[in-house]
Every structure is written in C-alpha cells, then in structure tokens.
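Take a look at the structure below.
Residue numbers (the numbering used here): 8 to 669.
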C-alpha cells in the first residue's frame, strides 16, 4: 500500500520517465557534466567541479528508484528487463570509449604505459575500475590522477555496482512494506560509515560504493518528500537555493579540503531540492536554453569521452594543451565526439531497446561476448609485453627501469654478495646502477627492503600497508643483524620525519618528542643493533628534482608526442638548504658511532654549481625524488670511488663534502 500511494503521488507530481520532459533533470545533468569538464580542464575558479559526479549520483538514485517502484507497483518489474535496460544504456558508449582509448594508446604510448592503459580498459568494462583504483591508491608508486587514461570510469563502475544491488534491496523492502525506512537506514549507515572510515582510509570513502550510497539515497528519498510546497514563492526559493548550492560548491570547494567526503552532502541536498521542486520555477525556466538542454541530453557520452580526450591531448601536445586555446580546442572536440557518440552509438541502442526487450538473454550474451573479446585482447597485450615490437629497442631499454626502481628486471651477476643495500625504494633505485660496480670487485650485492616502508626500529607508516610494513621491518632488521658484510643504508629520510609515521616502540624516546627527534632516536637505536657486527654507510638526503615530472611522457611511442620539457636545474645552494636538516640529523647519528658509520651526501656528488635533472639525452628523475636508471647510474658513477673504498674496507667519514667525480 505504501508503494502504491507513493507512486500515485509521485506520478501526479512529476509524471513518468519517457512521457514527461524533466527539464530540471536535464539542466542538472548539463551543470554536473560541465562542472566536471571545467574542473578537469583546470579552468580557474572551478576547483570544486568534482561535485558534478555527486550530482549525477543523486539523479541516478532518484530515477532508478522511481522506475523500479513504478514497475513493481504495476506488476511489470523484472530483474532481467531491468538489467537489460541498464546494459543497453551503459555499455554501447562505454565499449566504444574503451576501444578508442585502447587504440589511441597503441598508436601513441610506449609499452610500459600501454600495459597500464590495457589494464584500465579491462577494469572499466568489468565495472571494477573504482575498486582497482582504491587498491592502487595505497601503493607507494601509485600513478597520479593525470597519468590514468580512464580514471573517470571509477564513478561509472561505482554506479553499476549500485545498480547491481539496489533493485533487490528495494523489492525486498517493498514486500515487507518498509521502503522509506530501508532507504533512510541504508543512507544513514552509509553516511556514518563515511564519517568513521574517512580519517582512516580516505581513498576507500572516495572510491567504494558503500560509502557513496547515501548520495544515491538522497535522490531516492525525494520520492518520499511528498507534494512540493503549495506556495510558489517557497518553491522558487528552494529551487534557487538548490542551484546556488551546486554552483557555489563547484566554485568554492577544494580538492584537498579536509573531510571532503562530508562536504559533498551539500551539493547532494541542492540537487535533491532542484528535483523536488520540478521544472516550473523561474530559475529552471531561465536555464532551459537549447544549449544547456543539448548538453544535458548528451551528458553521458560527454562524460565518457571528455577525460580520454584531455589525457591524450596533454600527452601528445604537452603544455600547449593546457593553454586557453588548448582548452577551447579540447572542449570543441569533446562536444563533437560526444554528439557523434550520442546519435551513432548511444541513441541507436536506446531507441532499439523496445524491439530487443523480448530477447534479453540474447542481448546480454552479445554484450558479454564483446567484453570477453576485449578481455582476450588486453590479455594478449600483457602476454606480448605491451606489443613491444611497436617501438625501437632504445625505448624499451629506457623504459625497463625508468618506471620504478624495481629489482625484478635487473641481471644479477654471479658471485656471493660482498655488500648489502638496505632501505626503501630509494635504496632499490640504486640496485641496477650498483651491480656493475660490485661485479667489478668480484662479487654481488643483496637488497633488503620494501618500497615505502622504513627499516627503522619502532617506525611504521600510517596507512593500509601498516601491518605489512611492520612485519617486513622486523624481518629485515633481523636479517641484517645476521650479516657482517658492509651495509649501505638508503632511505627517503624526509618521509619518515613527518606526521604520516608512527614511532610506537615504548621507552625509546620521550612521549612528547617531535617526529624529527623520534626519527633520530629510532635510527640511532637501529644502528646500535647493527654496528657491532658490520660497518654502515648512510646515504643522506636525496636531491629533489625541483619540478613536476610527467612520467607517461618520458618515453616515446610509435607516433611522436611532445616530451616533457627538462626541469630548470636546482642550484647547489638550494639543494644543500633543502637537505640541511636531514643531513645534520644524520651527522649527529653518525657521530655516535665513530669509525663504524660513514655518511655520504648525494648533493656533494650529484651537483656542481647546479643539480642536473636531464643529462646526455636522458631524464635523471622519474618523479620528485626517485632516480631513473640513468639518474642512479649518473650518481653511482660520480660516487664510485667512495662506494668502492667503503665496500673494500676503508672509511670515508663523509660528515662533510666530498670531491665530485666526473
């Protein structure tokens, strides 16, 4: 009875989809997609444009809930018909977008980046892109958002996951007569979970569907708000306030705002107010322009194509894409591609939906076959290593170790280890460069460490990887304690001095000590355990690149693209100042173990008057602090005699500068 009364009231108020033009929803879609576009184009003033996605979630929650309950009340609801409609609505344009993204990657990107694009394509088609991005967000070498060709598909995957469970929840609630209560409870649980989990794992709150369900619920609950206020002035006020809240959120919110996951409730409530008041208000009528209506109509295709166009424009044309002229060209391209997609891909399947409704299994099998065929293609991409034959061997050689300081691609020389290299990724990035040196001394080296995890007693990162880091830290320190050969200790010391690290070993330092003092005490304790049986060389503060490095553009693909411009080299004076505090702390620690601990400062070897970021046609950095293979080789060659003397048993006592080798 509750469902029937609800639907009668709803139909009297707003009509049904397909028989009543919902102007305010079309306008909301246009505003939402334009907000996202302007945000991704980095147009000044639209730093909060990401809220457009939240508006889309509210619209979807409203429409999907209304359609399910209307069909159920009329005895027409069918799970197979529902999923068929969703499939026909979502997948044609999605498959087209993914295919074009994949083919563009094959033409322009090097194998390393192409493998990442192929993986993204698979996850987007399987509707798990959001889950994969969440999993990778905690990785130390996670790609930045502008390095992901299909990043925007996270919201689509999340929405598809919502569609998967929402019909069953609604129908079950309808059978026991508690639809409104069920939606309220689910939305409240989602919102409370967001409040609780947000400080612990903000990536989960951003990417995962359970933490976004309250936004869909916000739209669904509009159906239970009853008739709009009788007084036109109240409706006008609510409508104007709703639009104003959405626009002000797009203009005022910041991407790095603390507790952003809670602030998105503001534009969600604004969108709900607009939907509730309908399209008869002054603001809604004023916004009913042909241009805005057209953009709202093609909003799905426009959302799908906009980010790949931005990604490849920036990849191919570089900094020119982010000029005012570049933005205009990209925007025009998006509108042209989206309009074409709407009429030739999206609309063809929507219009044909009625004819195919009698054969849902056949239609679903066709889409499944298309997805399976694409999965086979992407699997072949991995088997054939990103179709490496597309680029010269020189590009492959540059790419093998430039993407990350991984050790699984180096060729280890024969012989027993004569030195240990321990630490995080800043130690790992030296492995390939150090191997020729130790091989020339008749031996090998052993690497001990984990990227992003400190090998310092009592220290643990504050993230989802904490448990793994703790386990690895204790095992690695125990392993190092059993060896007597020289140890080169390299870590990104700056990271372990900040608030993202816990120093949790009781009794090692005063509870009120700052993180910097705790790092010094923790490192001193670690060396106390290690130095009785071995000599240790600490490599000091890394010289930063001094600029933003666009990793995907470092390597050329089959078709040329504009490479990133070399960074202006940092002066040695500034590099010394940047690492002064860390190096001074390390020098204090070194002084506690005379004759047992040496200190090597990279700034004294890497820099002359300036510190290069580009040398002999190769980038020396692949992000703000990590060397490429060319960079670690450049640094190792310059410090070769110092490393060699230490390994062979000499002491350099590098508490200050050292001569530079060329």
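For every residue, glycine included, the Cβ atom is placed at its ideal position computed from N, Cα and C.
Nearest-angstrom Cβ-Cβ length linking residue i and residue j, presumed shorter than 8 Å
i, j, result
"residue 1", "residue 455", "As displayed, the chain neither begins before 8 nor continues past 669, which places residue 1 out of reach and without an answer."
"residue 501", "residue 589", "6 Å"
"residue 37", "residue 306", "6 Å"
"residue 480", "residue 424", "Actually they do not touch by this definition, with Cβ atoms about 21 Å apart."
"residue 258", "residue 393", "About 41 Å; that fails the 8 Å criterion."
"residue 124", "residue 156", "5 Å"
"residue 497", "residue 434", "4 Å"
"residue 311", "residue 100", "5 Å"
"residue 345", "residue 309", "4 Å"
"residue 48", "residue 337", "7 Å"
"residue 357", "residue 95", "7 Å"
"residue 458", "residue 643", "With 8 Å as the limit, residue 458 and residue 643 do not qualify as a contact, their Cβ atoms being about 19 Å apart."
"residue 622", "residue 635", "With 8 Å as the limit, residue 622 and residue 635 do not qualify as a contact, their Cβ atoms being about 10 Å apart."
"residue 426", "residue 533", "Contact flag wrong, Cβ pair sits at about 18 Å."
Span of the beta strand (DSSP E) around residue i
i, result
"residue 429", "424-430"
"residue 249", "Run containing residue 249: none in the beta strand (DSSP E); it sits in the alpha helix (DSSP H), 239-259."
"residue 605", "604-607"
Backbone secondary structure at residue i - three-state DSSP
i, result
"residue 201", "helix"
"residue 500", "coil"
"residue 168", "helix"
"residue 670", "Because the chain is modelled from 8 through 669, residue 670 falls outside the range shown and cannot be assessed."
"residue 453", "strand"
"residue 687", "Here the chain covers residues 8 to 669 and nothing more, so residue 687 does not appear."
"residue 183", "coil"
"residue 495", "strand"
"residue 288", "coil"
"residue 544", "strand"
"residue 614", "coil"
"residue 554", "coil"
"residue 396", "helix"
"residue 161", "helix"
"residue 437", "coil"
"residue 411", "Caution is warranted here: a pLDDT of 47 is assigned to residue 411, below 50, making its placement in the model unreliable, and the coordinate value is therefore given only provisionally. Residue 411: coil per DSSP, three-state reduction."
"residue 626", "strand"
"residue 634", "strand"
"residue 339", "helix"
Residues near residue i by beta carbon distance below 8 Å, same chain, minus five either side
i, result
"residue 520", "Because residue 520 carries a pLDDT of 46, less than 50, the predicted location of this residue cannot be relied on, and no value is offered for it."
"residue 565", "113, 114, 115, 397, 398"
"residue 568", "115, 322, 323, 324, 325, 560"
"residue 675", "Past the boundaries of the shown model lies residue 675; the chain is included only from 8 to 669, so the question cannot be answered."
"residue 563", "117, 398, 402, 570"
Spatially closest choice to residue i from the options, by CA coordinates
i, options, result
"residue 241", "287, 201, 199", "287"
"residue 199", "542, 272, 235", "272"
"residue 73", "330, 193, 228", "228"
"residue 581", "560, 548, 559, 601", "548"
"residue 35", "201, 185, 276", "276"
"residue 239", "289, 263, 261", "289"
"residue 245", "225, 234, 281", "281"
"residue 368", "185, 66, 86, 602", "86"
"residue 387", "129, 162, 107", "129"
"residue 29", "41, 42, 274, 66", "66"
"residue 118", "351, 172, 402, 151", "402"
"residue 499", "213, 250, 593", "593"
"residue 44", "335, 614, 633", "335"
"residue 315", "270, 132, 106, 236", "106"
Residues near residue i by beta carbon distance below 7 Å, same chain, minus five either side
i, result
"residue 653", "493, 544, 605, 659"
"residue 190", "224, 227, 228"
Residue interval of the alpha helix (DSSP H) (run including residue i)
i, result
"residue 692", "This structure cannot settle anything about residue 692, because the visible part of the chain is limited to 8 through 669."
"residue 592", "579-598"
"residue 141", "136-144"
"residue 226", "220-227"
"residue 112", "86-115"
"residue 459", "No alpha helix (DSSP H) holds residue 459; DSSP gives it neither H nor E."
"residue 209", "209-214"
"residue 653", "647-654"
"residue 35", "30-47"
"residue 321", "306-324"
Same chain, Cβ closer than 6 Å to residue i, neighbours up to 5 away in sequence not counted
i, result
"residue 187", "231"
"residue 63", "39"
"residue 524", "none"
"residue 75", "174, 177"
"residue 535", "none"
"residue 140", "161, 214"
Residue i Cβ short of 7 Å to the ligand ATP heavy atom set
i, result
"residue 278", "Absent from the structure shown: the ligand ATP. Ligands present: none."
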